[in-house]
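Engineer: This structure is in structure tokens; I'll ask about it shortly.
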Amino acid sequence: MLDRRVKLSQDALFQDIGGEGVILDLASASYFGLDEVGVSFWKQLQSDSSFQRACAELLLHFDVEPSQLANDLDALVRQLVDAGLVTVEQGIA
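In terms of my numbering, the sequence shown opens at residue 523 and continues consecutively.
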């Protein structure tokens with residue numbers, strides 16, 4: 523199965539504030555907020571950029587259906603790409 527890699531922008535400065543997260547885009551000086559799941563996803567991507575492995579890790583910590591989590595994280599990744607905070611490399615085996 524093909525995986526994708528979600529690469530964090532070097533211009534993205536992340537801060538965890540009591541379970542919620544804030545990302546500052548240093549290039550544009552704009553902020554992006556994350557909820558608890560988003561914070562966990564971002565932290566996972568800091569150590570491993572594999573989307574599939576990040577989903578698997580989050581399933582260990584949150585009571586959610588795998589398909590729902592994948593859909594929610596897909597939507598989050600699209601928002602982060604649109605904000606210039608991540609890039610995605612497709613088709614990594």
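Quick reminder that beta carbons are idealized off the backbone N, C-alpha and C, glycines included.
I'd like to check one pair, V561 with G543: are the Cβ atoms closer than 7 Å?
Structural biologist: Residue numbering aside, residue 543 sits at position 21 when the sequence shown is read from its first letter. Residue numbering aside, residue 561 sits at position 39 when the sequence shown is read from its first letter. Their beta carbons are under 7 Å apart, which means G543 touches V561 by this criterion.
Engineer: Would you call S571 buried or exposed, if buried means 16 or more other Cβ atoms sit within 10 Å of its Cβ?
Structural biologist: The sequence position of residue 571 within the sequence shown is 49, counting from 1. Looking at its Cβ environment, which holds 16 or more other Cβ atoms inside 10 Å, S571 is buried.
Engineer: Quick check: the region 547 to 564 against the region 577 to 586, are at least 3 beta-carbon pairs closer than 8 Å?
Structural biologist: Yes, they touch.
Engineer: Spatial neighbours of Q574 within its chain, please: CB distance less than 6 Å, with the 5 preceding and 5 following residues excluded, ordered by chain position.
Structural biologist: Taking the first residue of the sequence shown as position 1, residue 574 is located at position 52. For Q574, where only same-chain residues beyond five positions count, the Cβ hits under 6 Å are D525.
Engineer: What does the alpha-carbon distance come out to for the pair D604 and F554?
Structural biologist: As a working note, residue 604 is residue 82 in the sequence shown. As a working note, residue 554 is residue 32 in the sequence shown. Using only the alpha carbons, I get a separation of about 11 Å.
Engineer: In terms of alpha-carbon separation, which member of L602, E558 and L607 lies closest to H470?
Structural biologist: Only positions 523 to 615 of the chain appear in the structure, and residue 470 is not among them; the question remains open.
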